[in-house]
Amino acid sequence: MPPPAASSRYPSPSQPSGKSEVTDLKSQLRQLAGSRAPGVDDSKRDLFKKVISYMTIGIDVSSVFGEMVMCSATSDIVLKKMCYLYVGNYAKGNPDLSLLTINFLQRDCKDEDPMIRGLALRSLCSLRVPNLVEYLLGPLGSGLKDNNSYVRTIAVTGVLKLYHISASTCIDAEFPATLKSLMLHDSDAQVVANCLAALQEIWSLEASHSEEACREKESLLSKPLIYYFLNRIKEFNEWAQCLILELAVKYVPSDSNDIFDIMNLLEDRLQHANGAVVLATVKVFLQLTLSMTDVHQQVYERIKSPLLTLVSSGSPEQSYAILSHLHLLVVRAPFIFASDYKHFYCQYNEPSYVKKLKLEMLTAIANESNTYEIVTELCEYAANVDIEIARESIRAVGKIALQQYDVNAIVDRLLQFLEMEKDYVTAETLVLVKDLLRKHPQWSHDCISVVGGISSKNIQEPKAKAALIWMLGEYAQDMSDAPYILENLIENWEEEHSAEVRLHLLTAAMKCFFKRAPETQKALGIALAAGIADFHQDVHDRALFYYRVLQYDVHVAERVVSPPQQAVSAFADTQSSEIKDRIFDEFNSLSVIYQKPSYIFTDKEHRGPFEFSDELGSTSITPEVSSDIVPAQQFEANDKDLLLSTDEKDDNKGLSSNNGSAYTAPYESSNISSQMQELAISGPAASATTTQSSFDFDDLLGLGLSTAPAPTPSPPLLKLNARAALDPRAFQQKWRQLPISLSQEYSVNPQGIAALTVPQSLIKHMQSHSIHCIASGGQSPNFKFFFFAQKEAEPLDYLTECIINSSSAKAQIKVKADEQSTSQAFATVFETALSKFGMP
Amino acid sequence: MMISQLFVLSQRGDNIVFRDYRAEVPKGSTETFFRKVKFWKEDGNAEAPPIFNVDGVNYFHVKVVGLYFVATTRVNVSPSLVLELLQRIARVIKDYLGVLNEDSFRKNFLLVYELLDEVIDFGYVQTTSTEVLKSYVFNEPILIAPARLQPIDPAAIFTQGAKRMPGTAVTKSVLANDPGGRRREEIFVDIIEKISVTFSSNGYILTSEIDGTIQMKSYLSGNPEIRLALNEDLNIGRGGGGVSVYDYRSSSGSGVILDDCNFHESVRLDSFDSDRTLSLVPPDGEFPVMNYRMTQEFRPPFHVNTLIEEAGRLKAEVIIKIRAEFPSDIIANTIAVQMPLPNYTCRASFELEHDAVGQKTDFKESSKMLEWSLKKIVGGAEHTLRAKLTFSQEFHGNITKEAGPVSMTFTIPMYNVSKLQVKYLQIAKKSSSYNPYRWVRYVTQANSYVARI
């Protein structure tokens with residue numbers, strides 16, 4: 004339901020239906036303006052109150068500006084405050100009328116009551132009207148010198164407001180210098196804190212074009228100043244303490260004594276009841292000790308208890324903020340909470356956002372010692388009334404299973420989920436079992452026997468259905484009725500709404516066909532026909548591709564669609580360690596909540612005091628890890644590449660648009676389909692006779708690749724598979740087995756050496772040339788990388804060791820290849836790619 | 029820091045107060061916020077998280093008594109700081125209004141504006157001290173009689189998170205005077221313990237935790253110093269050296285052992301190590317003197333026993349027994365027991381003990397929830413509920429996997445499970461005749477009290 008319209012909202016404090024009320028108010032205010040009758044202030048109060056309440060609910064009452072100002076001549080402080088509030092809200096839109104207020108505000112700035120002086124000064128600085136700034140200088144100047152600290156705190160913030168209205172006026176009046184002196188000498192802590200806040204903001208903004216401001220900004224981090232603040236931190240209120248702690252985070256200590264001094268000064272801040280103070284202190288401790296491994300570990304132990312207390316003592320919202328930080332810490336140091344896992348068990352009355360974080364925590368801290376208990380607890384949640392949490396819990400069990408070596412017990416639990424016969428539990432579990440089998444194929448026997456017992460009719464969710472179909476295709480030889488279940492599903496092709504499921508059906512039918520051709524042949528024929536006639540472009544393309552490749556050579560088709568499975572050793576981590584480090588550097592900020600570095604969700608000027616380096620920000624984007632790709636997805640990607648050059652408009656018309664320029668195929672789609680039905684795919688054995696297709700695949704799609712399939716590839720044009728995957732263990736094995744086929748030395752250009760200061764960037768660069776990094780290491784000047792590449796369309800690998808010396812600017816490479824004859828061609832590709840490194 | 033706007037929305041999404049401090053966030057932020065929170069469910073989540081980002085604007089909110097306290101900013105601020113601040117603002121407003129609800133809020137919105145003006149200036153927090161703010165507030169609070177107090181949402185007292193006793197908390201504004209113009213000199217110290225216990229299906233305790241607060245509310249004039257003495261055998265910190273804090277065997281010794289605690293900034297701990305005494309000059313308003321966390325073994329106040337018996341193909345019987353494990357001079361009140369039933373349950377008929385008083389039962393058809401409420405339970409007593417269930421389809425497999433767990437909420441006044449005590453409360457005397465009222469109250473509440481079946 005959308006928020007109710009204004010008319011149906013809360014009826015009080017009187018909801019105007021149109022402009023008439025505002026007009027009414029206007030005339031009533033006018034009557035009162037000149038009146039000196041007794042009790043007039045009370046009537047004014049009522050009217051003002053009405054005006055403010057309209058303003059609050061978003062009704063434009065700017066038209067009574069004049070009347071409000073006229074009524075402002077009063078000694079009643081409640082009225083004055085309402086008037087200030089009103090004026091502050093509408094002055095910007097009414098610069099001319101604002102001039103009317105200057106007079107009474109300036110007068111009030113000289114009132115003998117410091118309260119009035121302060122309030123007036125605050126309102127004056129909040130007008131936000133650029134052409135009135137000249138009127139601010141006088142009152143601000145005297146406000147900063149006022150003998151009342153309330154007025155001074157307001158004046159200090161007033162300077163910052165002035166800076167935002169007109170920076171030059173503020174700088175020219177040398178207000179920053181005044182603030183600096185106040186910061187060092189004022190007796191009132193809040194005045195000092197406001198000076199610090201204002202100066203940080205002003206100098207950070209000025210620093211971009213003024214060297215002096217840059218120096219001033221740096222000087223805030225000088226040792227004497229930091230200690231000046233830290234030594235008297237208890238004089239400040241908790242919010243100002245946070246400000247000071249944020250400043251201290253950026254301080255670079257001179258030696259380890261310096262570090263311990265600061266930590267001793269701040270030790271008791273960890274016992275503060277305010278979570279913001281504790282987290283700010285934790286950040287100081289963590290940052291200070293980054294280079295001292297032992298102490299850093301001690302810090303983790305020290306902060307554990309206070310943080311756990313904050314999680315359980317605050318509101319759910321506060322727990323959420325703290326838990327997000329615990330999650331960040333635990334990813335960096337999984338051991339710290341390993342024995343405290345029970346703290347992260349979900350409580351039944353917690354909001355789901357807290358429960359979800361706790362599930363993530365449990366996933367992150369699961370290790371050999373606690374997995375059993377954690378998984379047992381998670382299994383309880385799987386029966387939870389909150390379906391969303393039940394699903395998340397099952398996913399958590401799956402994640403734990405995928406990160407553990409000993410998954411024995413977990414597999415049993417997962418299989419028990421399947422027996423619960425709850426739709427969503429079954430659905431989530433199927434997806435998990437699929438992932439588990441990709442990593443631990445040895446479990447296929449246990450899983451398949453249970454999965455085989457699930458009726459596909461009971462599974463409606465596309466993801467789960469796709470997972471089941473994938474298993475049917477992959478393990479067709481172990482599931483006796485796999486071809487028949489697939490056939491059943493294929494016969495209901497029309498009712499299958501999810502393209503994802505239909506894509507999986509095509510692939511599974513193919514895989515099944517390679518294993519059990521006689522039983523699957525008919526179903527495959529129907530699937531391909533239905534696929535080619537499918538309105539969904541991806542489904543259509545995949546079906547057509549399968550059809551063609553089968554026609555070309557069934558063996559090739561099998562190699563392409565159903566290559567020997569390699570177990571996935573690790574699923575792609577969604578975040579690089581570099582990103583995680585950045586988030587850690589932005590501890591105690593929103594980056595931790597969103598699990599993203601700040602440059603992703605804020606624009607530069609609003610990044611706040613947490614950013615640490617501008618340059619790095621734009622370059623460190625997660626390199627895509629490509630180990631998590633099933634063959635089907637590879638082809639999906641390929642299909643899409645092909646698509647790019649075809650005309651979108653032909654989507655639905657398919658092959659029938661013979662006259663279009665995009666297609667040159669000599670066939671009508673109906674022809675193809677009918678041919679398909681009769682297609683004598685006689686199984687792998689007889690495939691040789693059906694290999695020679697009568698048309699050229701490239702030509703058909705009009706891709707403009709006029710080169711006929713060359714029988715001997717010319718060396719320099721070696722093409723690499725952009726999405727090749729190899730796990731490190733396989734790499735090691737290969738590296739040991741293969742002889743060195745090539746050893747060369749190249750010069751690296753200076754730009755490349757410069758860019759190498761971030762070794763990660765070379766890895767990304769090479770990846771863009773389809774050369775993937777398996778491992779890297781070393782420190783300046785010697786860097787060592789192991790790369791891996793694969794010939795496109797053929798499973799032939801090139802392994803490369805590359806040692807770069809950044810002082811001699813030389814790179815030495817050793818290449819080992821499955822196909823010796825093309826290793827020179829590969830080296831050329833490698834050299835070309837390397838030579839472009841660091842170039843814009 | 030640098031908060032751009034601060035506003036409070038009613039449950040229906042209309043502004044009660046709205047303050048823009050830095051004019052950095054485009055118009056319509058209140059609508060954007062409310063729409064996002066209202067429609068969060070479509071993204072597959074029951075409740076919007078307290079922090080989210082829409083078009084570069086970060087929205088923070090806390091829910092208190094059904095009202096949304098919201099802050100916006102474009103800056104990458106400390107999330108804890110803003111959420112703490114919002115919670116604190118709610119508490120300060122409550123100090124001034126006496127009773128915090130939508131009605132009192134609307135009646136006093138000008139007073140709230142006065143507060144918001146002083147709490148934040150140009151996005152920077154200035155003060156959240158109820159005491160300091162007093163000198164800036166000129167509007168008289170329009171008080172609402174507690175009798176007219178209608179909680180917007182009955183569950184709100186438990187979901188608001190603040191550890192205060194519903195109904196028993198003091199509902200007096202810090203600005204209020206008693207009839208006769210004199211302020212009554214009094215001070216309240218509440219020891220509030222929220223307990224979380226999970227029982228396994230065979231009755232063992234799987235996890236238990238106490239989250240306690242010593243909360244103070246002072247109406248003493250002239251800010252006298254106060255000394256608060258706790259148990260002398262109080263220990264802080266356990267399970268050192270990497271041993272799990274849940275190691276129950278090691279906790280059989282005497283004394284109260286807290287896992288950890290933290291303190292309000294006014295608290296001085298000079299003599300805490302030697303004689304477990306806290307000294308402080310209490311500021312006006314309500315505030316937590318000390319928060320503590322404890323996993324030491326304790327005797328759960330209620331024992332819950334649930335039995336499900338199949339009775340034919342389409343029927344089953346549920347028997348829930350609760351036994352109060354505390355002394356007979358203690359009386360628990362507002363007890364509610366809930367249990368989700370299999371979702372093919374279509375009817376439930378209940379049978380209470382023949383002498384049951386103040387007990388109610390219900391079966392919520394839409395959520396398939398069994399509900400049993402008891403006005404009070406005297407220590408040592410045992411109560412039983414029998415429910416006959418009728419199913420719309422035959423159940424297969426294990427019926428216990430389709431139902432439960434049983435959860436309980438309750439309040440037990442003048443009882444605390446941790447045995448933490450305020451031994452004495454000493455007020456620095458101004459004169460021999462100065463003898464203010466001192467109230468030290470204990471209360472135990474269920475936070476998450478769950479028995480699996």
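Each protein sequence line maps, in turn, to chains A and B.
According to my numbering, the first sequence is numbered sequentially starting from 4.
According to my numbering, the second sequence is numbered sequentially starting from 29.
Using N, Cα and C, we set each Cβ at its ideal position, and we do this for glycine too.
How far does the alpha helix (DSSP H) with residue i in it extend, from its first residue to its last?
| i | result |
| --- | --- |
| proline 316(B) | Not the alpha helix (DSSP H): proline 316(B) falls in the beta strand (DSSP E), residues 313 to 322. |
| alanine 118(B) | 107 to 125 |
| aspartate 730(A) | No alpha helix (DSSP H) contains aspartate 730(A), which DSSP labels as neither H nor E. |
| leucine 202(A) | 192 to 209 |
So who's on the other strand from residue i, going by DSSP bridges?
| i | result |
| --- | --- |
| phenylalanine 35(B) | Phe46(B) and Val98(B) |
| glutamine 454(B) | Arg255(B) |
| alanine 2(A) | This structure leaves residue 2(A) out entirely; chain A is present only between 4 and 843. |
| tyrosine 801(A) | Ala792(A) and Ala820(A) |
| methionine 244(B) | Val217(B) and Phe315(B) |
| arginine 155(A) | Looking at the DSSP assignment, arginine 155(A) forms no beta bridge with any residue, so it has no partner. |
| aspartate 239(B) | Lys222(B) and Arg321(B) |
| arginine 351(B) | His331(B) and Glu410(B) |
| histidine 845(A) | Because chain A in this structure spans residues 4 to 843, residue 845(A) falls outside the shown range and cannot be described. |
At a threshold of 7 angstroms, does residue i count as lining the ligand ZN (C-beta to nearest heavy atom)?
| i | result |
| --- | --- |
| asparagine 333(B) | Absence of the ligand ZN is noted for the structure shown, with no ligands found whatsoever. |
Specify the secondary structure class of residue i as computed by DSSP and reduced to three states.
| i | result |
| --- | --- |
| methionine 442(B) | coil |
| histidine 539(A) | coil |
| leucine 224(A) | coil |
| cysteine 173(A) | helix |
| serine 17(A) | Because serine 17(A) sits at a pLDDT of 44, beneath the cut-off of 50, its placement in the model cannot be relied upon, and the following sentence gives the value as read from the coordinates. It is coil, neither helix nor strand. |
| arginine 380(A) | Rather than arginine, the amino acid found at residue 380(A) in this sequence is glutamate. Glutamate 380(A) falls in the helix class under three-state DSSP. |
| valine 103(B) | coil |
| proline 337(A) | helix |
| cysteine 112(A) | coil |
| tyrosine 749(A) | strand |
| isoleucine 336(B) | strand |
| phenylalanine 227(B) | strand |
Quick check: is the beta carbon of residue i nearer than 8 angstroms to any beta carbon in chain A?
| i | result |
| --- | --- |
| glutamine 387(B) | no |
| glutamate 314(B) | no |
| valine 478(B) | yes |
| cysteine 374(B) | no |
| alanine 51(B) | yes |
| lysine 429(B) | yes |
| serine 106(B) | yes |
8 angstroms is my cut-off, CB to CB: does residue i come that close to chain B?
| i | result |
| --- | --- |
| lysine 345(A) | yes |
| tryptophan 242(A) | yes |
| asparagine 352(A) | yes |
| asparagine 411(A) | no |
| threonine 366(A) | no |
| alanine 170(A) | no |
| methionine 85(A) | yes |
What are the start and end residues of the beta strand (DSSP E) that includes residue i?
| i | result |
| --- | --- |
| tryptophan 467(B) | 465 to 479 |
| phenylalanine 88(B) | 85 to 92 |
| cysteine 289(B) | 288 to 291 |
Q: Just list the alpha helix (DSSP H) runs in the segment 286 to 320 of chain A, keeping only unbroken ones of 4 residues or longer that don't cross its boundaries, in chain order.
A: 296 to 316
**Q.** Entirely enclosed alpha helix (DSSP H) segments - the segment 361 to 449 of chain B, minimum 4 residues
**A.** none
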